[in-house]
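Numbering (this note's numbering), first residue to last: 59 to 283. Quick reminder that beta carbons are idealized off the backbone N, C-alpha and C, glycines included. In this text the structure is predicted, and so the values were computed from the model without any measurement. Notes follow the structure.
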């Protein structure tokens, strides 16, 4: 596995004493990598199931990633992140090829990159978290692992930790003090690790899963990668 920062080092990198990773730069990197994955995938990969997103194929996942940028630019943000919002994106691109979806991401790149700096925190970090999570969902589906130490992983993990800090301060203290690979921690907190896998990381399963309440996230019944 590549070298990586500890969770505590990630938090230190977000402090006032160090320049935090740039949200626009991190998102642009995720988009570039997803576009590359889509362009290098086979035609058959379009219908490959994405285990981390039950009911979705590779094309459906790509439709959501492309659709997120489209909806933000069009001002269609009511219900953002909900099942209905993402389902509309998937349906809108029903039948599109992976090349079509890569084209959509690239076509909207300049406009989205101009808009992202004006989206306030923590919404901007949530966009990065969602996108990098789906990057690795896509990598798992296509069998192309990598980029586990990207700046987007740093931003995504910090967003998830911040979301738990108020209601689960003891858990956050535990998570940031242990030598757990940040990518594994990102995957656990984003609902990509089973209960057994969460336990294998040495984490309190009940505390981790309690943080999913009220969200679309949940621990999968079987490993997704």
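Check: 8 Å CB neighbourhood of residue 268 in its chain, flanking five on each side removed; Outcome: 226
Check: Expected contact under 8 Å - CB spacing of residue 245 and residue 194 to nearest Å; Outcome: 7 Å
Check: C-beta atoms of residue 126 and residue 200 nearer than 8 Å; Outcome: no
Check: CB contact check: residue 259 to chain B, cutoff 8 Å; Outcome: The chain labelled as chain B is not found in the depicted structure, where only one protein chain is given.
Check: Nearest-angstrom beta carbon gap, residue 186 and residue 81 [assumed within contact, 8 Å]; Outcome: 6 Å
Check: Distance between residue 239 and residue 160 (C-alpha atoms, nearest Å); Outcome: 30 Å
Check: Status (buried if at least 16 other CB within 10 Å, exposed otherwise) for residue 162; Outcome: buried
Check: Limits of the unbroken alpha helix (DSSP H) element including residue 189; Outcome: 181 to 200
Check: Residue 240 (DSSP reduced to helix, strand or coil); Outcome: helix
Check: DSSP state of residue 107 mapped onto helix, strand, coil; Outcome: strand
Check: Unbroken alpha helix (DSSP H) run spanning residue 142, endpoints; Outcome: 141 to 150
Check: Pairwise C-alpha distance: residue 241 and residue 215; Outcome: 8 Å
Check: Among 118, 123, 101, 283, nearest to residue 198 - alpha-carbon criterion; Outcome: 283
Check: Distance between residue 189 and residue 55 (C-alpha atoms, nearest Å); Outcome: The structure shown does not extend to residue 55, since the chain is modelled only from 59 to 283, so the question has no answer here.
Check: Straight-line gap, residue 279 to residue 112 (C-alpha atoms, nearest Å); Outcome: 11 Å
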